[in-house]
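Trainee: Taking this note's numbering as reference, the numbering of the sequence shown is continuous, increasing by one, and the terminal residue is 903.
Don't be surprised by glycine CBs; every beta carbon is placed ideally from N, CA and C.
The structure presented is a predicted model; accordingly, all values stated were derived computationally and were not measured.
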Amino acid sequence: MRILCPEPSSFSCAGLEFARRHASVCAREMGEVEFESEARGYDAVLVRFNTRVTQRVMQGGRLKAVLTPTTGLDHIDLQAARRHKVRVYHLRGKKKFLRQVSATAELTVALMLAVLRNLPRAVDAVKQGHWQPGPFRGREVFEKTLGIIGCGRLGGKVARVCRALGMRVVVFDPYTLRLPGGVERASSLQSLLSCSDVISLHLPLLPETKHMIGRREFEQIKAGAVLINTSRGAIVDSQALLDALEARKLSAAALDVVENEHGIAQQGRHLLIDYARDHVNLLITPHIGGSTFESVERTDLFILGRFFKDEGLIA
589 MRILCPEPSS FSCAGLEFAR RHASVCAREM GEVEFESEAR GYDAVLVRFN TRVTQRVMQG
649 GRLKAVLTPT TGLDHIDLQA ARRHKVRVYH LRGKKKFLRQ VSATAELTVA LMLAVLRNLP
709 RAVDAVKQGH WQPGPFRGRE VFEKTLGIIG CGRLGGKVAR VCRALGMRVV VFDPYTLRLP
769 GGVERASSLQ SLLSCSDVIS LHLPLLPETK HMIGRREFEQ IKAGAVLINT SRGAIVDSQA
829 LLDALEARKL SAAALDVVEN EHGIAQQGRH LLIDYARDHV NLLITPHIGG STFESVERTD
889 LFILGRFFKD EGLIA
């Protein structure tokens, strides 16, 4: 059994050691062109979001499995995987296991507090020798309204934490029947947008959710609201978000994901990142939602264990 891991820095030592006990593993950082050339000589590839698995990787070789310890799958050509009979091992739908994984929910709350309390600017000021609290006066979340779009596992975790912080929590999710205690259900997306001081996105990227938050939705948002996105960048129309920030329709946004983020490493540019360089009302982190030592190790071992069990390499 041969496994290729083109981004070992994204995986845990425990996970890679576990893989090496049951397979021959090549783990080294490589770019897209090298990965596509090398992958066809392996039985499986072990990847996270930084590596795209395209049809070129799957055709004409020995590849039979893609191992990705993620719930999001937009970095994988799933139609090509079906055509070439390549199995995709992922976390989507593994509800019982995912209850143990809280990293992205915790980051959501951290981003909300960071942007409302001006934490990045305050930290930078201290590093520059300034010690004045006045310029960094922020806003509390207590008694503010949080609007959550998508109240599954992550949305539910965020809702419970924010209720404990004294927030009113309103949810728009026509597919979730049971909501956490004390959480209200919005009758429509528009009603949620118009009443929320903070809006947090927790839904998968699907054809029907791409650009779900666009120009029309930003017109409906309560003036001065804050947007938090730790789900997928393409759920939000980037240009419409930029226009809303420039017009101060949104007072601020904090993002862990951006649209077309796979191109950032090659191009070094993105319209939202360019804006964030010169404006304090946009905070961006590089898709670190699930990147904690605990969550990375736990998810690595889960995915590898499922694959090795199916292959008959472990009981």
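#1: Spell out the partners DSSP gives Tyr677 in its beta bridges.
#2: Which whole-angstrom value describes the C-beta separation of Leu791 and Gly738, a residue pair presumed to lie in contact below a C-beta threshold of 8 Å?
#3: Compare the beta carbon distance of Ile861 and Leu829 with 9 Å and say whether it is the shorter of the two.
#4: Identify every run of the alpha helix (DSSP H) within the stretch 831-880, keeping only runs that are complete inside it and at least 4 residues long; order them along the chain.
#5: Report all residues from its chain with a CB closer than 7 Å to the CB of Arg640; omit the five preceding and five following residues, and keep chain order.
#6: What does the alpha-carbon distance come out to for the pair Lys673 and Gly900?
#7: Tell me, please, which residues DSSP counts as bridged to Ala632.
#8: Three or more C-beta pairs under 8 Å: does that hold for the stretch 595-608 against the stretch 880-894?
#9: Report yes if the CB atom of Ala615 is closer than 9 Å to the CB atom of Pro596, and no otherwise.
#10: Is Asp888 buried or exposed, if buried means 16 or more other CB atoms sit within 10 Å of its CB?
#11: Compare the Cα-Cα distances from Gly904 to each of Gly648, Arg636, Thr642 and report the closest residue.
#12: Using 9 Å as the threshold, is the C-beta distance between Arg675 and Lys652 below it?
#13: What did DSSP end up calling Ile801 once you bin it into helix, strand or coil?
#14: Runs of 4 residues minimum, wholly inside the stretch 698-735: which ones carry the alpha helix (DSSP H) assignment?
#15: Can you find the residues in the same chain that come closer than 6 Å, C-beta to C-beta, to Val697, ignoring five residues on each side of it along the sequence?
#16: If Leu870 sits next to Ala822, beta carbons under 8 Å apart, how far is it from one beta carbon to the other, in whole angstroms?
#17: Which two residues bound the contiguous beta strand (DSSP E) that contains Ser775?
#18: Compare the beta carbon distance of Val746 and Ser788 with 9 Å and say whether it is the shorter of the two.
#19: Taking the alpha-carbon of Asp785 as reference, which of Ile816, Arg644, Phe685, Tyr763 has the nearest alpha-carbon?
#20: May I have the straight-line CA-CA distance separating Met755 from Leu679, to the nearest angstrom?
#21: Figure out for me which residue from Val714, Val729, Val771, Leu707 has the closest Cα to the Cα of Ile736.
#22: Keeping to the same chain, check which residues put their C-beta closer than 7 Å to that of Val613; ignore five residues upstream and five downstream.
#23: Do the stretch 760-768 and the stretch 710-719 make contact, defined as three or more Cβ pairs closer than 8 Å?
#24: Note down the Cα distance separating Ala691 from Gly878, rounded to an integer number of angstroms.
#25: State the start and end residues of the unbroken alpha helix (DSSP H) segment that holds Pro623.
#26: Who are the near neighbours of Leu833 in its chain, counting only those whose CB is closer than 8 Å to its CB and skipping five residues on each side?
#27: Let me confirm a value: Lys732 is counted as buried when at least 16 other C-beta atoms fall within 10 Å, else exposed. Which label applies?
Mentor: Taking the definition as stated:
#1: Residue mapping note: residue 677 aligns to position 89 of the sequence shown, counting from 1. Answer by DSSP bridge pairing, in chain order: Leu655.
#2: Along the sequence shown, read from residue 1 onward, the residue named residue 791 stands at position 203. Along the sequence shown, read from residue 1 onward, the residue named residue 738 stands at position 150. Correct: roughly 3 Å between the Cβ atoms.
#3: Translated into positions along the sequence shown, residue 861 becomes position 273. Translated into positions along the sequence shown, residue 829 becomes position 241. Their beta carbons are not under 9 Å apart, which means Ile861 does not touch Leu829 by this criterion.
#4: 852-855, 859-866
#5: Taking the first residue of the sequence shown as position 1, residue 640 is located at position 52. The residues are Glu620, His663, His850.
#6: Position 85 of the sequence shown, counted from the first residue, corresponds to residue 673. Position 312 of the sequence shown, counted from the first residue, corresponds to residue 900. Those two C-alpha atoms are separated by around 19 Å.
#7: What you label residue 632 is simply residue 44 of the sequence shown in a count that begins at 1. Ala632 is bridged to Ile591, Ala653.
#8: yes
#9: Translated into the one-based positions of the sequence shown, residue 615 becomes position 27. Translated into the one-based positions of the sequence shown, residue 596 becomes position 8. Yes. Within cutoff.
#10: As a working mapping, residue 888 is identified with position 300 in the sequence shown. With 16 or more other Cβ atoms within 10 Å, it is buried.
#11: Because the chain in this structure spans residues 589 to 903, residue 904 falls outside the shown range and cannot be described.
#12: Within the sequence shown, numbered from 1, the residue matching residue 675 stands at position 87. Within the sequence shown, numbered from 1, the residue matching residue 652 stands at position 64. It is a contact, given that the beta carbons lie within the stated cut-off.
#13: Residue numbering aside, residue 801 sits at position 213 when the sequence shown is read from its first letter. Here Ile801 sits in strand by DSSP.
#14: 707-715
#15: By one-based count along the sequence shown, residue 697 stands at place 109. Contacts found: Val749.
#16: If you number the sequence shown from 1, residue 870 lands on position 282. If you number the sequence shown from 1, residue 822 lands on position 234. That pair is no contact at about 17 Å.
#17: By 1-based counting over the sequence shown, the position of residue 775 is 187. Careful: Ser775 lies outside any beta strand (DSSP E) and carries neither H nor E.
#18: Walking along the sequence shown from the start, residue 746 turns up at place 158. Walking along the sequence shown from the start, residue 788 turns up at place 200. Yes, the pair counts as a contact, with Cβ atoms nearer than the cut-off.
#19: As a working note, residue 785 is residue 197 in the sequence shown. Nearest C-alpha to Asp785: Ile816.
#20: The residue you call residue 755 lines up with position 167 of the sequence shown. The residue you call residue 679 lines up with position 91 of the sequence shown. Met755 and Leu679: Cα-Cα distance of roughly 30 Å.
#21: The residue labelled residue 736 in the question sits at position 148 within the sequence shown. Considering only alpha carbons, the answer is Val771.
#22: As a first step, residue 613 is located in the sequence shown; it is residue number 25 there, counting from the start. Closer than 7 Å at the Cβ level, and outside the excluded window around Val613, lie Ile591, Cys593, Leu604, Ala607.
#23: no
#24: Here residue 691 refers to the residue found at position 103 when the sequence shown is read from its first residue. Here residue 878 refers to the residue found at position 290 when the sequence shown is read from its first residue. Spanning the two alpha carbons is a distance of roughly 5 Å.
#25: Counting from one through the sequence shown, the residue named residue 623 turns up at place 35. Contrary to the premise, residue 623 reads as Phe rather than Pro in this sequence. Element bounds for Phe623: 620-627.
#26: For the purposes of this step, residue 833 is taken as residue 245 along the sequence shown, with counting starting at 1. Around Leu833: Ala840, Ala841, Tyr863, His867, Asn869, Leu870.
#27: Against the sequence shown, residue 732 aligns to sequence position 144. It is buried - the Cβ of Lys732 has at least 16 other Cβ atoms within 10 Å.
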